[in-house]
């Protein structure tokens, strides 16, 4: 799958043209990802579910008008991964019983910068070190 490179200026121009063309029906109206798939198609981008940007530099996010669902900007896992921090440290200490897989612990969290999660987890951004902590 080839990622199409668009400069910032090219992407903005394409988005402006799209906005000026008016309302566009979803190309996949019953698909949960229909909006994202539609905008990718209209911009000439290849659909991907990879943890990389849509245009080699820019990741596009779409959202239905009136929706209260969260947008996932990225997934993160603690490092170093070789130490298996989640399974060996976080899961035994902070995990809770999984509701579907009986006998297993779960440790999934939606964390926002604005406030701690219901379990007290939060994030901060170290811009100088370019890290999310």
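Residue numbers (this note's numbering): 4 to 136. Using N, Cα and C, we set each Cβ at its ideal position, and we do this for glycine too.
Pair within 8 Å by beta-carbon distance, residue i and residue j
i: residue 61; j: residue 18; result: no
i: residue 113; j: residue 73; result: yes
i: residue 65; j: residue 39; result: yes
i: residue 103; j: residue 116; result: no
i: residue 123; j: residue 109; result: no
In DSSP terms, what residue i is bridged to
i: residue 129; result: 134
Close beta carbons around residue i, own chain, < 8 Å, minus the five adjacent residues each side
i: residue 37; result: 29, 30 and 31
i: residue 67; result: 38
i: residue 27; result: 21, 41 and 45
i: residue 89; result: 80, 81 and 110
i: residue 95; result: 108
Cβ shell of residue i (< 6 Å), same chain only, five flanking positions each side left out
i: residue 46; result: 17
i: residue 43; result: 50
i: residue 119; result: 125
i: residue 101; result: 107 and 109
Contact test: residue i Cβ vs the ligand ZN heavy atom, cutoff 7 Å
i: residue 134; result: Absence of the ligand ZN is noted for the structure shown, with no ligands found whatsoever.
If you scan the segment 54 to 126 from start to end, which runs of the beta strand (DSSP E) of 3 or more residues do you find wholly inside it?
none
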